[in-house]
Ligand code: AMP
Ligand code: ZN
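In the working numbering, the protein residues as written are 616 to 729.
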C-alpha cells in the first residue's frame, strides 16, 4: 500500500487540516513555504494524468474550501501537482501542493519571461 493510502487508513499519522468522505488535506512533512498543505483523494489514483475528471470536480471544490480555511484566498497561493518522472513526482498517489502564507516566487513565469 502506498504511503498516502496509509495516511488515509490511519497507519501513518498526519496533521489534518480538513477532511470529508472523499478527500483529505494535511500538512506536508517537509514544508517548502510557510503554509504547505497536501490535498489527496482518499481513493488511490497514481497521478493527475489518470484521475477521472469527475473526481477532479469534487477535488476542486474541496481545495477551495481548504484555501478558505487556511485564509489564503485574499493574498493568493500556488497549487502544484507533479506528474511522473519528468514532473518530479515522488509519491505516486495523486496530490496537490497548496503553497502560501508568504510570497512563493514566480516559478514558471520566471522561466518564461526572465
Ligand atoms: P511529490 O514530489 O509531489 O511527489 O511530493 C511528495 C510530498 O509528500 C513531499 O513534499 C513530501 O515532503 C511529502 N510527504 C512525504 N511523506 C509524507 C508524510 N508522511 N506526511 C506528509 N507529507 C509527506
Ligand atoms: Zn495511495
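Virtual Cβ for every residue (Gly too), placed ideally from N, Cα, C.
DSSP beta-bridge partners of residue i
i	result
residue 650	715
residue 694	713
Residue i, buried or exposed, once every other Cβ within 10 Å from all chains shown has been counted against 16
i	result
residue 718	exposed
residue 729	Summary for residue 729: the model assigns pLDDT 44, below 50, so the residue's position carries little reliability; its value from the coordinates is reported in the next sentence. By the neighbour-count rule (16 or more Cβ atoms within 10 Å), residue 729 is not buried but exposed.
residue 627	exposed
residue 647	exposed
residue 655	buried
DSSP three-state assignment for residue i, whether helix, strand or coil
i	result
residue 636	coil
residue 642	strand
residue 675	helix
residue 627	coil
So does the stretch 626-643 actually touch the stretch 660-669, counting three or more Cβ pairs closer than 8 Å?
-> no
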